[in-house]
Amino acid sequence: MKKPKFLAFMLTVLFIISSILTGCSGTGPAGTEEEKPDDSSDSGKTVLNFWTPQWGDADKEWWEKNIEAYNKSQDKVEVKLEIVPGDAWDQKVVAAQAAGTSPDITTMNYNKIIFSAEQGKILPLDEYTDPAIWDDLYENIAEFVTLDGKHYAYPMLAEPSAVLFYRKDMFKEAGLDPEKAPVTWDELIEYGKKLKKGNVFGLAAAGNAAEYGWTHWGFQAMVGQQPISEDWSEATIVNEPTKELITFWNEMYQSGILPKQPLGGYTDIKPLAEGQVAMQINGSWAIGQLRNDYPDLLDNIGVAVVPTNDGNQDKPTASLGGWTLTIDGNSKHPKESAEFIQWLLAGDEQIMVDFFKDVTKFSKFTARKSVDEVLAQDSEGANDPWRKLIAEEVVPYAVAEPIYAWEVSMAYATALERVMLEGTDLEKSLQTAEKEINDYIKNNNYAGTNPKK
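If you use mature numbering (1 follows the signal peptide of the UniProt record, and there is no 0), the sequence shown corresponds to residues -22 to -1, 1 to 431, in order.
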């Protein structure tokens, strides 16, 4: 007879606790909405809420240091920083947008800027910023954040998707000049065959359709052909430049230069560092991994521009990803937000010099001409050959990550994969991809919807 009374007592306790927690959480009736961030402080300052994902301990310290400095530099605004774990970032941002609880300032990558601007999710900064800060940007990167003549974000950094890393010691063993990397596709194949030895492959690169889909944006720009027209009205994938590109990759695969099974994910430089391959195409971020995880190997690593079809390296060899700061479309404080963004990213060059030098170890690159000028005079920056090569020979020619639907990129990627893995006829595989893209355009009323055209 005691058990029912005990259960009733426990249910009452649980109900009281639940009521208290619900009252403290600030949620709505369904208990699912976050409370709108407070925009005032006890000191009377305007509060700007700012979210950014965490990339590592070093960047966390950099954010905290500089936001503290900004808060102390004036008495009208207080920036409140929230660093969000990377694996929770997308979910948290989407949930906040749906609930109308987004912070004033958010970190956003390049390929989301244009559609976010078109949909009113972010505000232009031009009204509240010095025009000179936009002139300081490299033109190809400024274009990433521009829609209809207005700037909807300020770039923080750029990351080229493709750089050629190679082992100098393996070059020597194969009778190759360790200071001379391949420049053409033909040379890359030639080098790859000479470097392939036993269980060591000549080259590692993207290894599956999902990776081909984005790592080949730079290669498509290199040959001057995207898989869809500029106005997104029709597929443009059955053509000689695309055939040339796929034929090149298929030759490397069939000749055994590339491993039949990927040795790791595209973003991991471990296969090169641990001697499984002699060359590896990877993003600039691999520099950070090499310097952090393999410091004793650095003298044996060479870095070069990715070889091109014709040997001309004054053209795209990579796409550029990267991060910016944006102002939420519903922010009550766009002026104050823009002023903070300008102070942090577009003000004193030394702030960003410290970021690229101390935080990224020159694995990421600036969008600002003035910061590059300071880095070129900095003792570490001026004497870093990897930084110099990528900053001068890769970034200036790199293209934006395309903003067309991912399905278009995957149509190209699966066409490549069919040829390489299944032996499908190239023309037939491209015709299949053409139909997939045109069906997507038709089924989604996609024609003419490119906001940049």
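Where is the CB? At the ideal position from N, CA and C, for every residue including glycine. Since we're looking at a predicted model, the values are computed, not measured.
Among the options, whose alpha-carbon lies nearest the alpha-carbon of residue i?
{"i": "Gly22", "options": "Glu252, Glu39, Val57", "result": "Val57"}
{"i": "Asp277", "options": "Ile265, Asp288, Ala36", "result": "Ile265"}
{"i": "Ile206", "options": "Met388, Thr402, Lys43, Lys174", "result": "Met388"}
{"i": "Ile119", "options": "Pro102, Tyr106, Lys146, Ile91", "result": "Ile91"}
{"i": "residue 433", "options": "Gln328, Val71, Glu105, Ser262", "result": "The chain is shown from -22 up to 431; residue 433 falls before or after that span and cannot be answered."}
{"i": "residue 452", "options": "Glu385, Gln239, Ala251, Val373", "result": "For residue 452 there is no data in the structure shown, the boundaries of the chain being -22 and 431."}
{"i": "Glu327", "options": "Gly176, Gly196, Lys347, Gln254", "result": "Lys347"}
{"i": "Leu223", "options": "Asp246, Trp195, Glu208", "result": "Trp195"}
{"i": "Ser341", "options": "His311, Glu317, Val372, Ala324", "result": "Val372"}
{"i": "Gln258", "options": "Lys174, Lys335, Lys310", "result": "Lys174"}
{"i": "Thr225", "options": "Glu60, Glu395, Glu39", "result": "Glu395"}
{"i": "Lys43", "options": "Arg365, Ser357, Asp332, Asn428", "result": "Asp332"}
{"i": "Val255", "options": "Leu181, Gly359, Trp227, Lys221", "result": "Leu181"}
{"i": "residue 507", "options": "Ile247, Leu408, Ala73", "result": "In the structure as shown, the chain begins at -22 and stops at 431. Residue 507 is therefore absent and cannot be evaluated."}
{"i": "Glu81", "options": "Val62, Phe93, Gln97", "result": "Contrary to the premise, residue 81 reads as Pro rather than Glu in this sequence. Considering only alpha carbons, the answer is Val62."}
{"i": "Gln232", "options": "Gln355, Pro31, Gly401", "result": "Gly401"}
{"i": "Lys413", "options": "Asn270, Trp321, Ala369, Val386", "result": "Val386"}
{"i": "Pro109", "options": "His129, Ile100, Thr302", "result": "His129"}
{"i": "Pro156", "options": "Asp164, Thr162, Tyr169, Ala425", "result": "Tyr169"}
{"i": "residue 435", "options": "Pro133, Val178, Gly127, Thr338", "result": "Summary: the structure shown does not reach residue 435, with the chain confined to residues -22 through 431, and so no result is reported for it."}
{"i": "Thr162", "options": "Pro374, Thr295, Gly127", "result": "Thr295"}
{"i": "Trp40", "options": "Gly243, Glu96, Thr338", "result": "Thr338"}
{"i": "Ala251", "options": "Gly243, Asp271, Gly234", "result": "Asp271"}
{"i": "Asn260", "options": "Pro273, Glu189, Ser315, Thr214", "result": "Glu189"}
{"i": "Val55", "options": "Thr30, Gly243, Ala159, Pro312", "result": "Pro312"}
{"i": "Gly34", "options": "Leu408, Val377, Asp336", "result": "Asp336"}
{"i": "Asn308", "options": "Asp126, Ala77, Lys50, Ser51", "result": "Ala77"}
{"i": "Asp114", "options": "Glu317, Thr344, Gly153, Asn49", "result": "Thr344"}
Is residue i helix, strand or coil when you go by DSSP?
{"i": "Pro81", "result": "coil"}
{"i": "Asn89", "result": "helix"}
{"i": "Ser297", "result": "strand"}
{"i": "Tyr390", "result": "helix"}
{"i": "Asn416", "result": "helix"}
{"i": "Ala152", "result": "coil"}
{"i": "Gly280", "result": "strand"}
{"i": "Cys2", "result": "Confidence at Cys2 is low in this model, with a pLDDT of 37, below 50, so the placement of that residue is unreliable and no value is reported for it."}
{"i": "Pro429", "result": "coil"}
{"i": "Leu115", "result": "strand"}
{"i": "Ala411", "result": "helix"}
{"i": "Lys238", "result": "coil"}
{"i": "Val372", "result": "coil"}
{"i": "residue 452", "result": "Outside the shown range of the chain (-22 to 431) lies residue 452, about which nothing can therefore be said."}
{"i": "Gly401", "result": "coil"}
{"i": "Pro109", "result": "coil"}
{"i": "Ile247", "result": "coil"}
{"i": "Trp263", "result": "coil"}
{"i": "Ala354", "result": "helix"}
{"i": "Asp292", "result": "coil"}
{"i": "Ala120", "result": "helix"}
{"i": "Ile(-6)", "result": "Low confidence applies to Ile(-6): its pLDDT is 37, below 50, so where it sits in the model is not reliable, and the reading given next is rough at best. If DSSP states are grouped into helix, strand and coil, Ile(-6) belongs with the helices."}
{"i": "Tyr272", "result": "coil"}
{"i": "Gly9", "result": "With a pLDDT of only 34 at Gly9, under the threshold of 50, the placement of this residue in the model should not be trusted; the figure read from the coordinates follows. Gly9 falls in the coil class under three-state DSSP."}
{"i": "Glu252", "result": "coil"}
{"i": "Glu332", "result": "First, the residue type needs correcting, since residue 332 is Asp and not Glu in the sequence shown. It is helical."}
{"i": "residue 435", "result": "This structure cannot speak to residue 435, because the chain is shown only from -22 to 431."}
{"i": "Glu157", "result": "coil"}
{"i": "Trp364", "result": "helix"}
Can you tell me which residues form a DSSP beta bridge with residue i?
{"i": "His311", "result": "Paired residue(s): none; His311 is not in a bridge."}
{"i": "Lys128", "result": "Leu125"}
{"i": "Gln258", "result": "Phe143, Ala182"}
{"i": "Asn422", "result": "DSSP lists no partner for Asn422."}
{"i": "Val337", "result": "Its beta-bridge partners do not exist; DSSP assigns none."}
{"i": "Thr162", "result": "Thr286"}
{"i": "Ala136", "result": "Phe343"}
{"i": "Ile305", "result": "Ile83, Leu101"}
{"i": "Ala378", "result": "Leu298"}
{"i": "Lys175", "result": "Val178"}
Spell out whether any CB of chain C is found under 9 Å from the CB atom of residue i.
{"i": "Asp68", "result": "The chain labelled as chain C is not found in the depicted structure, where only one protein chain is given."}
List in chain order: all unbroken alpha helix (DSSP H) runs of 4+ residues lying wholly within the region 199 to 236.
218 to 232, all fully within the region 199 to 236.
Ignoring anything shorter than 3 residues, give me the beta strand (DSSP E) runs that lie fully in the region 13 to 72, in order along the chain.
DSSP runs (the beta strand (DSSP E)) wholly in the region 13 to 72: 24 to 31, 55 to 62.
Is it a yes or a no for the region 210 to 224 touching the region 97 to 109, going by three-plus beta-carbon pairs under 8 Å?
Contact check between the region 210 to 224 and the region 97 to 109: fewer than three CB pairs, one atom from each, fall below 8 Å, which does not count as touching.
Contact between the region 277 to 291 and the region 66 to 81 is defined here as three or more beta-carbon pairs at a separation below 8 Å; is this criterion met?
In short, these stretches do not touch, since the Cβ pair count stays below three.
With three or more beta-carbon pairs closer than 8 Å as the criterion, would you say the region 380 to 397 touches the region 163 to 177?
Counting Cβ pairs under 8 Å, fewer than three are found: no touch.
Are there three or more Cβ pairs, one per stretch, closer than 8 Å when the region 134 to 150 is compared with the region 292 to 309?
Cβ pair count under 8 Å is three or more, so yes.
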